[in-house]
Amino acid sequence: WNSRRIAVRYESWKGEVARTLEPLGLILKGGLWYLAARPAEGRGREPRTYRVSNILELTLVEDTFERPAAFDLAAWWAETSRRFEAEIFTGTATLRLTAEGLRRLARLGAEQARIAAGARPGADGRVEVVVPIESVEHASTDFLRLGAEAEVLAPSALRDAMAAAARRLAALYA
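Read in order, the letters of the sequence shown are residues 8 to 181 in the working numbering.
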(Lines of atoms letter the chains of each structure in order from A and count residues from 1; the text may use other names and numbers.)
(Lines give C-alpha, C1' and ligand atoms only; values in the text may rest on other atoms or scores of the structure.)
Protein backbone atom coordinates (compact mmCIF):
# COMPACT_ATOMS: atom_id res chain seq x y z
CA TRP A 1 0.00 0.00 0.00
CA ASN A 2 3.03 2.25 0.32
CA SER A 3 1.50 3.71 3.50
CA ARG A 4 -1.43 5.21 1.59
CA ARG A 5 -4.81 5.63 3.18
CA ILE A 6 -7.92 4.02 1.75
CA ALA A 7 -11.52 5.24 1.71
CA VAL A 8 -14.04 2.45 2.16
CA ARG A 9 -17.77 2.00 2.21
CA TYR A 10 -18.29 -0.84 4.66
CA GLU A 11 -21.26 -2.96 5.81
CA SER A 12 -20.87 -3.24 9.58
CA TRP A 13 -23.31 -4.83 12.01
CA LYS A 14 -24.63 -1.31 12.62
CA GLY A 15 -25.28 -0.70 8.92
CA GLU A 16 -23.36 0.88 6.08
CA VAL A 17 -20.58 3.29 7.05
CA ALA A 18 -17.91 5.32 5.25
CA ARG A 19 -14.40 5.34 6.70
CA THR A 20 -10.92 6.49 5.82
CA LEU A 21 -8.48 3.82 7.00
CA GLU A 22 -4.77 3.26 7.38
CA PRO A 23 -4.25 -0.37 6.28
CA LEU A 24 -1.79 -2.38 8.37
CA GLY A 25 -2.18 -5.92 7.04
CA LEU A 26 -4.36 -8.74 5.77
CA ILE A 27 -5.29 -11.89 7.70
CA LEU A 28 -6.78 -15.14 6.41
CA LYS A 29 -8.80 -17.00 9.04
CA GLY A 30 -11.24 -19.82 8.43
CA GLY A 31 -11.29 -19.12 4.70
CA LEU A 32 -12.19 -15.46 5.22
CA TRP A 33 -9.98 -12.43 4.66
CA TYR A 34 -9.78 -9.63 7.21
CA LEU A 35 -8.13 -6.21 6.99
CA ALA A 36 -6.29 -4.83 10.01
CA ALA A 37 -6.50 -1.04 9.81
CA ARG A 38 -6.56 2.10 11.94
CA PRO A 39 -9.22 4.75 11.46
CA ALA A 40 -7.51 7.79 9.92
CA GLU A 41 -9.36 10.21 12.15
CA GLY A 42 -11.39 10.26 15.33
CA ARG A 43 -10.58 9.49 18.92
CA GLY A 44 -10.25 5.71 18.61
CA ARG A 45 -7.09 5.21 16.58
CA GLU A 46 -6.33 1.65 17.69
CA PRO A 47 -6.25 -0.94 14.90
CA ARG A 48 -9.54 -2.66 14.14
CA THR A 49 -10.63 -5.67 12.12
CA TYR A 50 -12.65 -5.29 8.93
CA ARG A 51 -14.02 -8.30 7.06
CA VAL A 52 -12.90 -7.84 3.45
CA SER A 53 -16.13 -9.29 2.00
CA ASN A 54 -18.05 -6.51 3.82
CA ILE A 55 -16.12 -3.78 2.01
CA LEU A 56 -18.59 -2.49 -0.57
CA GLU A 57 -16.26 0.04 -2.17
CA LEU A 58 -12.58 0.86 -1.77
CA THR A 59 -10.62 3.82 -3.14
CA LEU A 60 -6.92 4.49 -2.71
CA VAL A 61 -6.43 7.98 -1.23
CA GLU A 62 -3.45 10.23 -2.00
CA ASP A 63 -2.84 10.90 1.71
CA THR A 64 -0.11 8.86 3.34
CA PHE A 65 0.35 7.88 6.96
CA GLU A 66 3.18 6.78 9.18
CA ARG A 67 2.91 3.09 9.93
CA PRO A 68 3.45 2.37 13.65
CA ALA A 69 7.04 1.09 13.88
CA ALA A 70 6.21 -1.30 16.71
CA PHE A 71 3.11 -2.82 15.07
CA ASP A 72 3.41 -6.62 14.81
CA LEU A 73 0.50 -8.00 12.77
CA ALA A 74 0.82 -11.59 14.03
CA ALA A 75 0.99 -10.55 17.69
CA TRP A 76 -1.87 -8.07 17.29
CA TRP A 77 -4.06 -10.68 15.58
CA ALA A 78 -3.33 -13.31 18.26
CA GLU A 79 -4.32 -10.88 21.03
CA THR A 80 -7.38 -9.62 19.13
CA SER A 81 -8.57 -13.20 18.53
CA ARG A 82 -7.99 -14.15 22.17
CA ARG A 83 -9.95 -11.12 23.41
CA PHE A 84 -12.78 -11.74 20.94
CA GLU A 85 -13.16 -15.38 21.96
CA ALA A 86 -13.07 -14.48 25.66
CA GLU A 87 -15.87 -11.94 25.15
CA ILE A 88 -18.06 -13.95 22.80
CA PHE A 89 -18.12 -17.29 24.62
CA THR A 90 -20.61 -16.96 27.46
CA GLY A 91 -21.00 -20.60 28.45
CA THR A 92 -19.84 -24.14 27.89
CA ALA A 93 -21.26 -27.36 26.48
CA THR A 94 -20.30 -30.92 27.30
CA LEU A 95 -20.21 -33.24 24.29
CA ARG A 96 -19.64 -36.97 23.84
CA LEU A 97 -17.93 -37.49 20.49
CA THR A 98 -16.80 -40.33 18.27
CA ALA A 99 -13.36 -40.10 16.68
CA GLU A 100 -15.02 -38.69 13.55
CA GLY A 101 -16.97 -36.20 15.70
CA LEU A 102 -13.69 -35.07 17.22
CA ARG A 103 -12.27 -34.45 13.73
CA ARG A 104 -15.38 -32.48 12.77
CA LEU A 105 -15.26 -30.48 16.00
CA ALA A 106 -11.72 -29.37 15.14
CA ARG A 107 -13.09 -27.69 12.00
CA LEU A 108 -15.53 -25.47 13.93
CA GLY A 109 -12.94 -22.95 15.17
CA ALA A 110 -9.55 -22.35 16.74
CA GLU A 111 -10.62 -23.03 20.33
CA GLN A 112 -12.52 -26.15 19.30
CA ALA A 113 -9.46 -27.35 17.35
CA ARG A 114 -7.27 -26.84 20.44
CA ILE A 115 -9.70 -28.85 22.57
CA ALA A 116 -10.00 -31.60 19.96
CA ALA A 117 -6.21 -31.85 19.63
CA GLY A 118 -5.87 -32.54 23.35
CA ALA A 119 -8.68 -35.11 23.57
CA ARG A 120 -8.10 -38.85 23.36
CA PRO A 121 -10.99 -41.28 22.75
CA GLY A 122 -11.43 -44.05 25.30
CA ALA A 123 -11.70 -47.79 24.69
CA ASP A 124 -15.24 -47.35 23.33
CA GLY A 125 -13.93 -44.85 20.75
CA ARG A 126 -15.74 -41.90 22.35
CA VAL A 127 -14.51 -38.91 24.28
CA GLU A 128 -16.19 -36.27 26.44
CA VAL A 129 -15.09 -32.67 25.97
CA VAL A 130 -16.18 -29.31 27.33
CA VAL A 131 -16.25 -26.56 24.71
CA PRO A 132 -17.05 -22.84 24.96
CA ILE A 133 -20.31 -21.68 23.37
CA GLU A 134 -21.66 -18.28 22.44
CA SER A 135 -25.33 -19.16 22.95
CA VAL A 136 -27.66 -22.16 22.73
CA GLU A 137 -28.85 -21.00 19.30
CA HIS A 138 -25.35 -20.64 17.84
CA ALA A 139 -24.12 -23.85 19.46
CA SER A 140 -27.03 -25.91 18.16
CA THR A 141 -26.38 -24.66 14.63
CA ASP A 142 -22.67 -25.49 14.95
CA PHE A 143 -23.18 -28.86 16.60
CA LEU A 144 -25.74 -30.00 14.01
CA ARG A 145 -22.75 -30.04 11.64
CA LEU A 146 -21.31 -32.84 13.76
CA GLY A 147 -24.28 -35.07 12.93
CA ALA A 148 -24.69 -38.36 14.78
CA GLU A 149 -20.98 -38.23 15.70
CA ALA A 150 -21.78 -36.01 18.69
CA GLU A 151 -24.16 -36.11 21.62
CA VAL A 152 -24.77 -32.99 23.69
CA LEU A 153 -24.73 -33.93 27.37
CA ALA A 154 -25.11 -30.43 28.84
CA PRO A 155 -26.53 -27.86 29.19
CA SER A 156 -30.06 -29.24 29.07
CA ALA A 157 -31.34 -26.26 27.04
CA LEU A 158 -28.83 -27.08 24.30
CA ARG A 159 -29.65 -30.79 24.47
CA ASP A 160 -33.36 -29.90 24.09
CA ALA A 161 -32.61 -27.60 21.13
CA MET A 162 -30.64 -30.39 19.43
CA ALA A 163 -33.48 -32.89 20.01
CA ALA A 164 -36.04 -30.44 18.57
CA ALA A 165 -33.86 -29.87 15.50
CA ALA A 166 -33.46 -33.63 15.04
CA ARG A 167 -37.25 -34.09 15.21
CA ARG A 168 -37.76 -31.36 12.59
CA LEU A 169 -35.18 -32.99 10.32
CA ALA A 170 -36.72 -36.45 10.77
CA ALA A 171 -40.19 -35.07 9.92
CA LEU A 172 -38.81 -33.33 6.85
CA TYR A 173 -37.31 -36.54 5.48
CA ALA A 174 -40.12 -38.92 6.56
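From the three backbone atoms N, C-alpha and C, an ideal C-beta is built for every residue, glycine too. On a predicted model such as this, the values are computed, not experimentally measured, just so you know.
In whole angstroms, what is the alpha-carbon distance linking Ala155 and Ile95? 27 Å
4 or more residues per run - each alpha helix (DSSP H) lying fully within the stretch 51 to 126: 80 to 95, 106 to 113, 117 to 125
Are Glu104 and Arg133 closer than 8 Å when you measure CB to CB? First, the amino acid is wrong: residue 104 is Leu here, not Glu. Yes, they are a contact pair.
Could you give the distance in angstroms between the alpha-carbon of Leu153 and the alpha-carbon of Thr97? 21 Å
Under 6 Å Cβ to Cβ from Leu65, same chain only, skipping five residues before and after it: list those, please. Ile13, Val15
Just curious, the alpha helix (DSSP H) that Leu165 is in, first and last residue? 163 to 179
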